[in-house]
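Chemist: The sequence shown begins at 1061 in our numbering and counts up one residue at a time.
Glycine residues also receive a C-beta, built at the ideal position from the N, C-alpha and C atoms.
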Amino acid sequence: MRLGIGWMGVLAATLFSGLVSSGCTVGWYETREMPQPARGGEAAEWECPTRYELSVSSGWVTNTFGYEKVNPTRLSKLRGAYRATTDSVLNDMGCLAQQGGDESGSLLVIRVEERRQISALPQEVLTGLSFGLLPSWGTRAGELQFDFALRGAAASFQVDVKRISHLLLTPVFWVSFLGEDAQREYKTALGSFLARRPTNQ
């Protein structure tokens, strides 16, 4: 019985610290382009894609239970959001590509992977247990990844989540809702890839 109460106490303390920490946390995204391996030969001349293939996967990662996929309804909504953003970027560039469009033209291949890390970092647990008095900061690397390929060119972008927690940040915790916008990061990455016409030589 004592062992059970002990584990319940630890669980309750962890949950409580998480709630306290999340209420005094400010977070934002930081996107970085990953290096690509060199490829032999020259990339084909760039042109607007006439169609695209979009693959989206999403899930949650915890220290205790590992990786778990989001439910099909949530995944369907995510696909719809990424599809709408893709169409918006292509239309803004004057490209009339559509998902599953004209097969005779060039194909833009897009892969989106979300791996949300929802477990508290060790330093964040201390912030929660101290009611926000002890500050903490940390990075959850690679929560989002965007891979693009078009006519011999390819690019890969990873998005890290950076967060700072302290009691003094409680009045501005809402800034996280503006700083952590996955669609904005995706739009910027896709726009950068298409505008640069990157090559791997």
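#1: Got a sec? Which residues, its chain only, sit under 7 angstroms from Tyr1142 by beta carbon, not counting five neighbours each side?
#2: Would Leu1193 be called buried (16 or more neighbouring beta carbons within 10 Å of its own) or exposed?
#3: How far does the alpha helix (DSSP H) with Arg1139 in it reach, from first residue to last?
#4: Would you tell me roughly how many angstroms separate the C-alpha atoms of Pro1109 and Thr1085, rounded to the nearest one?
#5: May I ask you to report which of helix, strand or coil DSSP gives Ala1255?
#6: Give the DSSP bridge partners of Arg1175, in chain order.
#7: If you draw a straight line from the alpha carbon of Thr1145 to that of Val1169, how long is it in whole angstroms?
#8: Would Arg1176 and Glu1203 be called neighbours here (beta carbons separated by less than 8 angstroms)?
#9: For the putative contact between Arg1211 and Ser1166, defined by C-beta atoms under 8 angstroms, what is the C-beta separation to the nearest angstrom?
#10: Take Gln1205 and list the residues in its own chain whose beta-carbon comes closer than 6 angstroms to its own, dropping the five residues that flank it on each side.
#11: Reducing DSSP to helix, strand and coil, say where Gln1096 ends up.
#12: Ignore the nearest five residues each way along the sequence and tell me which others in Glu1128's own chain have a CB closer than 6 angstroms to its CB.
#13: Which one of Arg1111, Asn1123 and Trp1088 has the shortest CA to CA distance from Ala1209?
#14: Of all the options Ala1215, Thr1199 and Ile1178, which has the alpha carbon lying nearest to the alpha carbon of Phe1125?
#15: Given this structure, state the Cα-to-Cα distance separating Met1153 from Glu1184, to the nearest angstrom.
Modeler: So, to answer that:
#1: By one-based count along the sequence shown, residue 1142 stands at place 82. Counting only Cβ-Cβ distances below 7 angstroms, and skipping sequence neighbours, we find Leu1114, Val1116, Val1172 and Tyr1246.
#2: As a position in the sequence shown, residue 1193 is number 133, starting the count at 1. Looking at its Cβ environment, which holds fewer than 16 other Cβ atoms inside 10 Å, Leu1193 is exposed.
#3: In the sequence shown, counting from the first residue as 1, residue 1139 sits at position 79. Looking at the DSSP string, the run of the alpha helix (DSSP H) that includes Arg1139 is Pro1132 to Asp1152.
#4: The residue given as residue 1109 occupies position 49 in the sequence shown. The residue given as residue 1085 occupies position 25 in the sequence shown. Straight through space, the alpha carbons of Thr1085 and Pro1109 are spaced by roughly 41 angstroms.
#5: Reading the sequence shown from its first residue, position 195 is the one you call residue 1255. Of the three classes helix, strand and coil, the one that applies to Ala1255 here is helix, per DSSP.
#6: The residue labelled residue 1175 in the question sits at position 115 within the sequence shown. Answer is Gly1119.
#7: Position 85 of the sequence shown, counted from the first residue, corresponds to residue 1145. Position 109 of the sequence shown, counted from the first residue, corresponds to residue 1169. For Thr1145 and Val1169, the distance between alpha carbons rounds to 15 angstroms.
#8: Position 116 of the sequence shown, counted from the start, is the residue given in the question as residue 1176. Position 143 of the sequence shown, counted from the start, is the residue given in the question as residue 1203. Yes. Within cutoff.
#9: Numbered from 1 along the sequence shown, position 151 holds the residue referred to as residue 1211. Numbered from 1 along the sequence shown, position 106 holds the residue referred to as residue 1166. Right, their Cβ atoms sit about 5 angstroms apart.
#10: Residue numbering aside, residue 1205 sits at position 145 when the sequence shown is read from its first letter. The residues are Glu1173 and Gln1218.
#11: As a first step, residue 1096 is located in the sequence shown; it is residue number 36 there, counting from the start. Looking at Gln1096 - three-state DSSP - the assignment turns out to be coil, as it is neither helix nor strand.
#12: For the purposes of this step, residue 1128 is identified with residue 68 of the sequence shown, where counting begins at 1. Excluding positions up to five away in sequence, the list reads Gly1119 and Trp1120.
#13: Here residue 1209 refers to the residue found at position 149 of the sequence shown. The shortest Cα separation from Ala1209 among Arg1111, Asn1123 and Trp1088 belongs to Arg1111.
#14: For the purposes of this step, residue 1125 is taken as the residue at position 65 of the sequence shown. For Phe1125, the closest alpha carbon among the candidates Ala1215, Thr1199 and Ile1178 is that of Ile1178.
#15: Walking along the sequence shown from the start, residue 1153 turns up at place 93. Walking along the sequence shown from the start, residue 1184 turns up at place 124. If I take the Cα positions, the gap works out to 42 angstroms.
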